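A.B. asks: Structure incoming, see below.
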Amino acid sequence: MKFNWVQRAAELEKAGIPFAIATVIDTVAPTSAKPMAKAIITADGKMEGWIGGGCAQNTVIEEGLKCIREGMASVIRLSPEQSTDGNIAYKKAIFLTRESGGTLEFHIEPVLPMTKLVIYGNTPTVKALSKMGEHLGYEVYALAPGISKMDLPDGVIKKEEFSIIEGQCVA
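So that you can map any letter, position 145 of the sequence shown is 145 in my numbering, and since no number is skipped, the others follow by simple counting.
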């Protein structure tokens, strides 16, 4: 069965689970990987999908975990030959003796859960902050007794009682 990375990424994103997408962007034969092959690396160090043989997987997982931690994408080159082009600053060259002798380049991009905006109270300020938060793409929570009677944007989650909101939040 073919790996549906788009569907899997949507599932992880909906669940608020951080992950990274590793894409093969270039290969130099011999290698089993093909350009545009993709894999997903989850924060627990598991990889789903195919990006080449076992010799590359551990390095790609390590770099994927680093991207998740730092929130920054990277481009890496795995090769049994040292790169002589020192002009490419965006690419991290990793010397790796591979059985096949081929070279692989990857783009690894983190996908992190959206920060939630939690607003406590039921003053006019809540309405203004809710509108701003929605406009900026936050998942907005408004918590206070009587909050359900307030005219807030449709996407705002209203809770009559104060509670803890799971995940990454700002208040």
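Each residue gets a CB set at the ideal place from its N, CA and C atoms; glycine is no exception. Please read these numbers as outputs of a predicted model, since none were measured by experiment.
When you compare the CB positions of threonine 23 and glycine 102, do they come within less than 7 Å of one another, or not?
C.D. replies: No, Cβ-Cβ distance for threonine 23 and glycine 102 is not below 7 Å.
A.B. asks: In whole angstroms, what is the alpha-carbon distance linking isoleucine 21 and proline 153?
C.D. replies: Rounded to whole angstroms, isoleucine 21 to proline 153 spans 33 Å at the Cα level.
A.B. asks: If we cut at 7 Å on Cβ distances, does threonine 115 have a partner in chain C?
C.D. replies: Within the model displayed, chain C is absent; a lone protein chain is all it includes.
A.B. asks: Which two residues bound the contiguous beta strand (DSSP E) that contains methionine 47?
C.D. replies: Methionine 47 -> beta strand (DSSP E) spans 47–49.
A.B. asks: What residues are listed by DSSP as bridge partners for phenylalanine 19?
C.D. replies: In DSSP, phenylalanine 19 forms a bridge with Thr42 and Val111.
A.B. asks: Rounded to whole angstroms, what is the Cα-Cα separation between valine 111 and alanine 9?
C.D. replies: Roughly 9 Å separates the two Cα atoms.
A.B. asks: Measuring straight from C-alpha to C-alpha, what distance separates proline 113 and phenylalanine 162?
C.D. replies: Going by the C-alpha atoms only, they are around 23 Å apart.
A.B. asks: In whole angstroms, what is the alpha-carbon distance linking valine 60 and glutamate 11?
C.D. replies: Going from the Cα of valine 60 to the Cα of glutamate 11 covers about 22 Å.
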